[in-house]
Amino acid sequence: MDSINRQFVEELFAPLRVTFGPRRPDGGIVLSLLDAADATAYSRVLSAAQRDDPQAFAQSLEDIRLELAVRSGNIPAEMRKALKEQNSVLSYQVD
1 MDSINRQFVE ELFAPLRVTF GPRRPDGGIV LSLLDAADAT AYSRVLSAAQ RDDPQAFAQS
61 LEDIRLELAV RSGNIPAEMR KALKEQNSVL SYQVD
C-alpha cells in the first residue's frame, strides 16, 4: 500500500473522502469513499494484484469512477454512444 499515490486518489474522487483499510489476510485492501457526513458512499476490496500493479490499480480506479457515474446517472457521452451503437441501450420516446 506504500506505493499508492494517496493524493492522486483523493483528488480523483473529491469531494468524497478516501480511506484505505488495513491489509487483509489475502493481501487486499478496502477502499472506502466517505461523504461529508462520514457515511460510506462506496466501498470496494482491491486485491493484492490490483494494489501492487500500477496499471491494474489505475484500471480499478477508473472502473470505480465509471460505476459512480452510472449510479448517479452521469454516464459519459462516449459510453452512451458506444452502448447505443451496440444496441445495449434502447431509446424510449413518449409519443
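Residue numbering for the sequence shown follows the UniProt record's numbering, starting at 1 and increasing by one per position. The beta-carbon is built from N, C-alpha and C at its ideal position, and this holds for glycine as well.
Worksheet item: Span of the beta strand (DSSP E) holding Ile-29?
Response: The residue labelled residue 29 in the question sits at position 29 within the sequence shown. Ile-29 -> beta strand (DSSP E) spans 29-34.
Worksheet entry | Span of the beta strand (DSSP E) around Ala-41 | Working through the sequence shown from its first residue, we reach residue 41 at position 41. From DSSP, the beta strand (DSSP E) with Ala-41 extends over 40-46.
Worksheet item: How would you label Arg-51, buried or exposed, when you count the other beta carbons within 10 angstroms and need 16 or more for buried?
Response: Stepping through the sequence shown from its first residue, residue 51 is reached at position 51. Arg-51 should be labelled buried.
Worksheet entry | Which of helix, strand or coil DSSP assigns to Arg-65 | Mapped onto the sequence shown, residue 65 falls at position 65. Reduced to three states, the DSSP call for Arg-65 is helix.
Worksheet item: Would you call Phe-13 buried or exposed, if buried means 16 or more other Cβ atoms sit within 10 Å of its Cβ?
Response: Working through the sequence shown from its first residue, we reach residue 13 at position 13. By the neighbour-count rule (16 or more Cβ atoms within 10 Å), Phe-13 is buried.
Worksheet entry | Alpha-carbon spacing of Ser-47 relative to Asn-74, whole angstroms | The residue labelled residue 47 in the question sits at position 47 within the sequence shown. The residue labelled residue 74 in the question sits at position 74 within the sequence shown. For Ser-47 and Asn-74, the distance between alpha carbons rounds to 27 Å.
Worksheet item: DSSP state of Arg-17, grouped into three classes?
Response: On the sequence shown, residue 17 is found 17 positions in, with the first residue counted as 1. Three-state DSSP puts Arg-17 in a strand.
Practice prompt. Measure from the alpha carbon of Glu-40 to the alpha carbon of each residue in Gln-59, Leu-66, Thr-19, then state which is nearest.
Written response: Taking the first residue of the sequence shown as position 1, residue 40 is located at position 40. Strictly speaking, residue 40 in this sequence is Thr, with Glu absent from that position. Checking every option, the nearest Cα to that of Thr-40 belongs to Thr-19.
Discussion item. Tell me the rounded alpha-carbon separation between Arg-71 and Gly-28.
Written reply: As a first step, residue 71 is located in the sequence shown; it is residue number 71 there, counting from the start. As a first step, residue 28 is located in the sequence shown; it is residue number 28 there, counting from the start. Answer to the nearest angstrom: the Cα atoms are 25 Å apart.
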